[in-house]
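*Asks:*
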Amino acid sequence: MGTEKVVLDADGVRRALMRIAHEIVEKNSQGESPALVGIHRRGAPLASRLQRMVGDLLGEEVPLGDLDITFYRDDVSTRPEAPIVNASNLDFAIDGRTVIVVDDVLFTGRTVRAAIEALFDYGRPSRVQLAVLADRGHRELPIRPDYVGKNLPTARSERVNVRVSELDGIDQIAIAIPGRS
Amino acid sequence: MRRLFSAPTPPATILIRGARLLDPRSGVDREGDLLVRAGVIAEIGETGSLEAPADAESVDGSGRHVFAGFVDPHVHLRVPGQEHKEDLHTGTRAAAAGGYCAVVGMPNTDPVVDSTAILGSLRDAALREARVPVGFMAAISPGLAGHGLTEMVELREAGAIGFTDDGRPVVSAGLLRRALQYQRLCGGVLALHEEDPSLSGAGAMHEGAVSALLGIAGIPSVSESTMVARDAALAGHEGGRVHMQHLSAIESVRAVEAAKAAGVAVTAEASPHHLTLIDEDVRGLDTRLKMNPPLRTEVDRTALIEAIRTGVIDCIATDHAPHAREDKDVPFEQAAMGTTGLETAFAALYTHLVLPGLLDLATLVERLAAGALVVDLPVPAISVGEPANLCLVDLAAEWQVGEAGYESRSENCCFAGRQLRGRVLMTLAAGGVAYRERAFAIGVA
Amino acid sequence: MHNLLSIEQLDRDQIERLMDQAARFAEVSDREIKKVPTLRGRLVVNLFYEASTRTRSSFELAAKRLSADVLNFAASGSSVEKGESLKDTIATLGSYEPDALVIRSPHVGAAALVSTWTGVSVINAGDGTHEHPTQALLDVFTLTRRIGRLDGKSIWIVGDVLHSRVARSNILAFTKLGARVTVCGPPTLIPPGIDALGCEVRYDLRDLGGADVIYALRMQNERMREDYVPSVHEYVSCYQINAGRLASHQVLMHPGPVNRGVELSSDVADSPQALITAQVQAGVVVRMAVLYMVLAGARGPAGGATAAGTASATAQLA
Chain P
1 MGTEKVVLDA DGVRRALMRI AHEIVEKNSQ GESPALVGIH RRGAPLASRL QRMVGDLLGE
61 EVPLGDLDIT FYRDDVSTRP EAPIVNASNL DFAIDGRTVI VVDDVLFTGR TVRAAIEALF
121 DYGRPSRVQL AVLADRGHRE LPIRPDYVGK NLPTARSERV NVRVSELDGI DQIAIAIPGR
181 S
Chain H
1001 MRRLFSAPTP PATILIRGAR LLDPRSGVDR EGDLLVRAGV IAEIGETGSL EAPADAESVD
1061 GSGRHVFAGF VDPHVHLRVP GQEHKEDLHT GTRAAAAGGY CAVVGMPNTD PVVDSTAILG
1121 SLRDAALREA RVPVGFMAAI SPGLAGHGLT EMVELREAGA IGFTDDGRPV VSAGLLRRAL
1181 QYQRLCGGVL ALHEEDPSLS GAGAMHEGAV SALLGIAGIP SVSESTMVAR DAALAGHEGG
1241 RVHMQHLSAI ESVRAVEAAK AAGVAVTAEA SPHHLTLIDE DVRGLDTRLK MNPPLRTEVD
1301 RTALIEAIRT GVIDCIATDH APHAREDKDV PFEQAAMGTT GLETAFAALY THLVLPGLLD
1361 LATLVERLAA GALVVDLPVP AISVGEPANL CLVDLAAEWQ VGEAGYESRS ENCCFAGRQL
1421 RGRVLMTLAA GGVAYRERAF AIGVA
Chain Z
2001 MHNLLSIEQL DRDQIERLMD QAARFAEVSD REIKKVPTLR GRLVVNLFYE ASTRTRSSFE
2061 LAAKRLSADV LNFAASGSSV EKGESLKDTI ATLGSYEPDA LVIRSPHVGA AALVSTWTGV
2121 SVINAGDGTH EHPTQALLDV FTLTRRIGRL DGKSIWIVGD VLHSRVARSN ILAFTKLGAR
2181 VTVCGPPTLI PPGIDALGCE VRYDLRDLGG ADVIYALRMQ NERMREDYVP SVHEYVSCYQ
2241 INAGRLASHQ VLMHPGPVNR GVELSSDVAD SPQALITAQV QAGVVVRMAV LYMVLAGARG
2301 PAGGATAAGT ASATAQLA
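Chain order of the listed sequences is P, H and Z.
Every letter in the first sequence is one number past the one before it in the numbering used here, and letter 84, counting from 1, is 84.
Every letter in the second sequence is one number past the one before it in the numbering used here, and letter 162, counting from 1, is 1162.
Every letter in the third sequence is one number past the one before it in the numbering used here, and letter 36, counting from 1, is 2036.
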């Protein structure tokens, strides 16, 4: 099989999130605090960490939610089986708020498109921003992130593996090169 | 009085060489040559000992069996009125393909065979079209309605071989009693479909664990056995002669056993499907397995097999019931009841009863021919001087039911798709060749 | 899961997965916009041979909330009344290229039979007296939300079990989830052999106090005319669930519609112990879960013919 190259270690992840949190506070200094909504699976724990960081910087509670976007995917009818759906939790009103969608990796943009559509079925946010831990390029839709932890140029065939301690025991971004044999 | 009718066939002259000849009733169980001359069994001898006459067909019988032809006292030929399901030609072809040399047709047709006019036209049709001799039962009650008797004497004089309201039971004990009394005048067996409609209701399968799971209304065994007991008692009381059709339940077997022990003139039949299939087989709701009476449990099946073995049940009867595709290609509860059976009777019973050792071959072939006794016909025999009523069978041949189509016009065979052993290669009925299996080549020896 | 024909075909795992999916759809139903675009462009045809506004509208709403298109085909006033066979009707409907057929029929095995005639997904909305799988699923969903896991719980199903497809499906579903089921009713209305499904049989309510859940079945007036029970009065006296029989720790269910004063007394039907309204509400989300499980996934007969490599597409669609 192929090999893996770690491009961001635990310390790098922490610093990237910290920088994103500061940028969020800078860009949202006026009015109501923004809300954070993480996209399953790994966007959710990342959003949770950002909630604490941004909350500390602002000195107030920042609303947090998470979304499973399976129902909004555009590839439902081409998958072999009905994908299992995880719980979504969005208990606060998003009308008139700035909502920051959080995901681990930004790639084609389709997941974010689905997340925005899902979000709009919950209400009408005044603004939607996007925060991602890594941007690996190869966009297929006109989606651009507002906050990026690390830019990662990759080849299409490479796999980007994000690991978060809440789910995988370790914080790390690694690139897997497909094996040649 | 002639009671069997068929189209004339040229009397056969055939020499069968070196076959296993088996006819327990005649005490025949040997290997040998058998010569049929002009439709009559002329000689039986050691293998290779007989000379073929100049005009004889020669048949290689080595590795094959010759049995006395089978007789089915219970088939539905669907004529008049339902020729889209079967007619006298296709029905008798199916019979011959199964080794049968005579069959008895039931009167639940459209119109019902309850008058000499209808019986007469049937008789004439058989004389033109039937490939094996056919006897016709007439109805006990006009229109099978269960009220009043048909003109039983006239019907007997017109050739009716017996009487039955089959398809339906004779619900009124009073009516059956009258028929039994009248029987003393007109003769002819009363064949009885035993079912209490107030117990069978809208049932579509055996009432038991399987029907409980499927939620299908069930037909309890007592629907049949109570009527068997009742009618046997009536027959005993009136000194009449009855034949219990298509028995399916152990309780019915006990009732027949008791009646015979008490000296009642009662005979009974069982079908190949009741001897080989059970209600568990119906779980998939295959409508080819929907019959009346229904397939019951393994306990019932075992009792039927035992009764065939001992003779409490006298004969095999197929209750051959052809149905059109649209009558079976519907939800189970709506489907017509019945299965075809003539072409598969021997093979199904040989494969599922004889091969596993549940019944010996001699008993099987004896019971397949014994239907003749029920309707007062001479039993086919392998004996010099007898008309040639026999079938040549390859016991080793394996075949898949339905693969090559059916002789019957209908396809609703409960054994469809199954691999069976035992193939009828040729059937002689009333002295003529009624059937040759397609791939079976006849050469000059 | 290409078809949903019966509870019998499902194992415990599949039932629990359906329950999880239904919970997700319950979340959707709690939002203001109760729709998701998942089945957009799919066509669901409701073929109802028995009059049923409840179940049919429940399926219709479920399909619409998944953004699917719906076509309703009722027996009365249609070609069916003119004698068209079920097989021909299915062939005609096939020309609309449905993705799913939801079928309710008065005949046992109708849905299974239809599934042999067509590659379209078939959902059994009730086949005669055989099964009503989506009813059992919504009953399980409602019950587990109220009392948690069913393992070891005692559930009594009271009434006309003989004619009840709901009873059959529920006996199977509750048993598969570990509950102990007892059926109770007049001896004439309990099918002999029903214990083969794994339940106990009682003919009186003496031990009803030991039940955690009481599931009452409709008692139809026809049964009185058909000699199954002598009178409503006697049925009520022996089997009605009323305040005197319903213990405070017990939960009450009913598939609806309720014959007030017959199988249930009015006060008991309206009590907080009754889950009847919750059952109806559960109907839509459970049917959404069923439609989702059956239809989300590749189009085509077995839902399995897909381009190579879609399995690995999970992460790559980010």
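Here a beta-carbon is modelled for each residue, glycine too, at the ideal position from N, C-alpha and C.
Going by the CB atoms, is the gap between Z/A2296 and P/A44 shorter than 8 Å?
*Replies:* No, the Cβ-Cβ distance between P/A44 and Z/A2296 is not below 8 Å.
*Asks:* Less than 8 Å separating the beta-carbons of Z/L2291 and Z/A2063?
*Replies:* In this structure, Z/A2063 lies closer than 8 Å to Z/L2291 by Cβ.
*Asks:* Suppose you measure from the CA of Z/Y2239 to the CA of Z/G2193; what does that come to, to the nearest Å?
*Replies:* If you take the alpha carbons of Z/Y2239 and Z/G2193, they lie about 21 Å apart.
*Asks:* Quick one: does H/I1216 have its CB under 8 Å from some CB of chain Z?
*Replies:* Closer than 8 Å to some Cβ of chain Z, the Cβ of H/I1216 qualifies, so yes.
*Asks:* Please go through the same chain and pick out, in chain order, the residues whose beta-carbon is closer than 6 Å to the beta-carbon of H/G1174, but skip the five residues on each side of it.
*Replies:* So no residue of the chain qualifies.
*Asks:* Is the separation between the beta-carbon of P/T108 and that of P/L152 shorter than 8 Å?
*Replies:* Cβ distance not < 8 Å, so P/T108 and P/L152 don't count as in contact.
*Asks:* Can H/P1331 and Z/L2047 be called in contact, C-beta distance under 8 Å?
*Replies:* No, the pair does not count as a contact, with Cβ atoms beyond the cut-off.
*Asks:* Quick check on this structure: which residue in H/R1436, H/L1377, H/E1403 has the alpha carbon closest to the alpha carbon of H/P1133?
*Replies:* Closest option to H/P1133, Cα to Cα, is H/L1377.
*Asks:* Is DSSP giving P/D104 helix, strand or coil here?
*Replies:* In the structure shown, P/D104 sits in a strand (DSSP, three-state: E or B).
*Asks:* Could you list the residues in the segment 1199 to 1230 of chain H with a C-beta less than 9 Å from some C-beta on chain Z, going in chain order?
*Replies:* Those residues of the segment 1199 to 1230 of chain H that come within reach of chain Z (Cβ to Cβ, closer than 9 Å) are A1204, E1207, G1208, A1209, V1210, S1211, A1212, L1213, L1214, G1215, I1216, A1217, G1218, P1220.
*Asks:* Closer than 9 Å, Cβ to any Cβ of chain Z: which residues of the segment 50 to 76 of chain P, in chain order?
*Replies:* Per Cβ criterion, the list reads D68, T70, F71, Y72, R73, D74, D75, V76.
*Asks:* Which residues in the same chain as Z/G2283 place their Cβ atom closer than 6 Å to its Cβ, once the five residues preceding and following it in sequence are excluded?
*Replies:* Once the five neighbours on either side are set aside, the close Cβ partners of Z/G2283 are S2058, L2138.
*Asks:* Would you check if the segment 1305 to 1322 of chain H and the segment 1342 to 1355 of chain H touch, i.e. whether three or more CB-CB distances between them fall below 8 Å?
*Replies:* These segments touch.
*Asks:* Kindly identify the DSSP beta-bridge partner or partners of H/H1065.
*Replies:* Bridge partners of H/H1065: H/R1020, H/V1393.
*Asks:* Does chain P have any CB closer than 8 Å to the CB of Z/Y2096?
*Replies:* Judged by the 8 Å Cβ criterion, Z/Y2096 is not in contact with chain P.
*Asks:* Taking 6 Å as the limit between beta carbons, can you name the residues of its chain near P/D75, skipping five residues before and five after?
*Replies:* Same-chain partners within the cutoff: there are none.
*Asks:* Less than 8 Å separating the beta-carbons of H/S1252 and H/S1225?
*Replies:* Going by C-beta atoms, H/S1252 is nearer than 8 Å to H/S1225.
*Asks:* Does the beta carbon of Z/T2345 sit closer than 8 Å to a beta carbon anywhere in chain P?
*Replies:* In the structure as shown, chain Z starts at 2001 and stops at 2318, and residue 2345 of chain Z therefore has no counterpart that could be examined.
*Asks:* Looking at the secondary structure, which residues open and close the beta strand (DSSP E) in which Z/S2058 lies?
*Replies:* Where Z/S2058 is concerned, there is no enclosing beta strand (DSSP E), although the alpha helix (DSSP H) it sits in stretches over 2053 to 2065.
*Asks:* Taking Z/K2087 as part of the beta strand (DSSP E), name the residues at either end of that continuous run.
*Replies:* Counting along the chain, Z/K2087 falls outside any beta strand (DSSP E), though it belongs to the alpha helix (DSSP H) covering 2086 to 2094.
*Asks:* Kindly list, in the order they appear in chain Z, the residues whose Cβ is closer than 7 Å to that of H/V1330.
*Replies:* Going along chain Z in sequence order, the residues near H/V1330 (Cβ under 7 Å) are S2085, L2086.
*Asks:* What does H/L1285 touch in chain Z if you count any residue whose Cβ is under 8 Å from its own?
*Replies:* V2108, G2109, A2112, L2113, listed in chain order.
*Asks:* Can you check DSSP and say which residues form a bridge with Z/V2157?
*Replies:* The question names Val, but residue 2157 of chain Z in the sequence shown is Ile. The partner list for Z/I2157 (beta bridge, DSSP) reads Z/V2183, Z/Y2215.
*Asks:* In chain Z, which residues lie with their C-beta within 7 Å of the C-beta of H/E1333?
*Replies:* The answer, in chain order, is H2107, V2108, G2128.
*Asks:* Is it buried or exposed, Z/E2263, if we count other Cβ atoms within 10 angstroms and call 16 or more buried?
*Replies:* So Z/E2263 ends up on the buried side.
*Asks:* From the DSSP secondary-structure annotation, give me the bridge partner or partners of Z/N2259.
*Replies:* In the DSSP output, where bridge partners are listed per residue, Z/N2259 has none listed.
*Asks:* Check whether the Cβ of P/A16 lies closer than 8 Å to any Cβ atom in chain Z.
*Replies:* It does not: the Cβ of P/A16 has no partner Cβ on chain Z nearer than 8 Å.
*Asks:* Please name the residue, chosen from P/I177, P/K150, P/R52, that lies closest to P/R156 on a Cα-to-Cα basis.
*Replies:* Measuring from the Cα of P/R156, the nearest candidate turns out to be P/I177.
*Asks:* In this structure, what does DSSP give as the bridge partners for H/R1244?
*Replies:* Looking at the sequence shown, residue 1244 of chain H is not Arg but Met. The partner list for H/M1244 (beta bridge, DSSP) reads H/L1192, H/A1268.
*Asks:* How many angstroms separate the CA atom of Z/A2026 from the CA atom of Z/S2115?
*Replies:* Each residue's alpha carbon lies about 29 Å from the other.
*Asks:* Please report the straight-line C-alpha distance between H/V1228 and Z/S2052, rounded to a whole angstrom.
*Replies:* Going from the Cα of H/V1228 to the Cα of Z/S2052 covers about 44 Å.
*Asks:* State the start and end residues of the unbroken beta strand (DSSP E) segment that holds H/C1413.
*Replies:* Counting along the chain, H/C1413 falls outside any beta strand (DSSP E), and DSSP gives it neither H nor E.
*Asks:* Is the Cβ-Cβ distance between Z/I2007 and Z/P2133 less than 8 Å?
*Replies:* Yes, they are a contact pair.
*Asks:* Keeping to the same chain, check which residues put their C-beta closer than 6 Å to that of Z/P2213; ignore five residues upstream and five downstream.
*Replies:* Just to set this straight, residue 2213 of chain Z is Val in the shown sequence, not Pro. I2155, V2251.
*Asks:* Between H/D1072 and H/V1104, is the Cβ-Cβ spacing less than 8 Å?
*Replies:* For H/D1072 and H/V1104, yes; Cβs fall inside 8 Å.
*Asks:* Starting from Z/A2064, find everything on chain P with Cβ-Cβ shorter than 7 Å and list it in chain order.
*Replies:* One detail in the question is off: residue 2064 of chain Z reads as Lys in this sequence, not Ala. Within chain P, no residue comes near Z/K2064; the closest Cβ sits about 14 Å away, beyond 7 Å.
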